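What follows is a short report on a single structure.
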Amino acid sequence: MKKYIHLLVLSVILSLMLASLPFFDSCEELCDDVLRIHILANSDSAADQSLKLGVRDRVVGACARYYDGCTDKEQAIAITRDHLREIEEVAADEIRSRGFTYPVRAELDEMYFDTRYYERFTMPAGTYDALRLTIGAGRGHNWWCVMYPSLCVGAACDSELHDRLDRGEYRVVTSDKLDFRFKLVEWFQQLKGDRDK
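For the sequence shown, position 155 matches number 313 in our numbering, and the numbering has no gaps at all.
Following this line, the structure appears as structure tokens:
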């Protein structure tokens, strides 16, 4: 009897995974089509966390101007690479204007992100290209979102999401936050070893 229960459970898991393959494919495509942003605060003090958010606002605003007319992620990465020093200077200016002397480093990196739930959309777990900003020691809580397409600015709305993402990607990011498939994606990423990148 125990053997049949195990087979039944295994069959259910395999069925769920097979039914989720289109969802998995769309998650992989999303990883290939977006540029994330990751900002590490100097520490977890209230002042450093507030500073991180100020840097976020300045950098996201500056990059939105850089990406005006941008048509794909590769172009966004090239633009970001060309403006890395300017992005660093925008962040450094915000840090100085708030009375801090922390250094800041901007770099392009490929990194793993857990599933992240935002107010209007969800980004599945996976390895993404990212603009990474490290403030000071970079030992505080971090903040991350999507730089391109610019989904983290207040002006982004459902119609913009729909216009910038293909149908499968749009379904992924607008899926219910309780969708079990996000957990399956995280589990699959762990099996692939992507979390360790």
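For each residue, glycine too, the CB sits at the ideal point set by N, CA and C.
Note that the structure is a prediction, hence the values are computed from the model and not measured.
Residue i: buried (16+ other C-beta within 10 angstroms of its C-beta) or exposed?
i: C315; result: Low confidence applies to C315: its pLDDT is 47, below 50, so where it sits in the model is not reliable enough to give any reading.
i: P261; result: exposed
i: Y306; result: buried
i: R358; result: Only positions 159 to 355 of the chain appear in this structure, which leaves residue 358 out of reach.
i: V192; result: buried
i: M281; result: buried
i: A236; result: exposed
i: S208; result: exposed
i: A250; result: buried
i: S308; result: buried
i: G312; result: At G312, the pLDDT of 47 sits below 50, so the modelled position is not reliable; the number obtained from the coordinates is stated separately. Per the 10 Å Cβ criterion, exposed.
Taking the alpha carbon of residue i as the point to measure from, which residue in the options has its own alpha carbon closest?
i: Y224; options: R297, L242, A264, L266; result: L242
i: G294; options: I163, S333, R254; result: R254
i: A234; options: D190, S208, S201; result: D190
i: E327; options: V167, D202, I163, L188; result: L188
i: F181; options: A283, A250, E268; result: A283
i: K231; options: R256, D287, K161, M159; result: D287
i: R325; options: E268, S308, D183; result: D183
Residues in its own chain within less than 6 Å of residue i by CB, not counting five upstream and five downstream?
i: A220; result: V248
i: D202; result: G298, H299
i: Y276; result: none
i: G367; result: Since the first residue shown for the chain is 159 and the last is 355, residue 367 is missing from the structure and cannot be characterised.
i: S169; result: none
Given a cut-off of 8 Å on the beta-carbon distance, is the pair residue i and residue j in contact?
i: V330; j: R194; result: no
i: A372; j: I245; result: Because residue 372 is not part of the residues shown, which for the chain are 159 to 355, the question remains open.
i: L198; j: L266; result: no
i: E252; j: R278; result: no
i: L289; j: T229; result: no
i: K210; j: W302; result: no
i: T273; j: E344; result: yes
Have a look at the DSSP bridge pairing and note the partners of residue i.
i: V304; result: R194
i: D267; result: A288
i: Y275; result: T280
i: V262; result: I293
Excluding the 5 residues flanking residue i on each side, which residues of the same chain have their C-beta closer than 7 Å to its C-beta?
i: D206; result: A199, N200, G298
i: R256; result: L209, G212
What residues in its chain sit with their C-beta under 8 Å from that of residue i, if we drop five residues either side in the sequence?
i: E268; result: T285, Y286, D287, A288, K355
i: T259; result: I253
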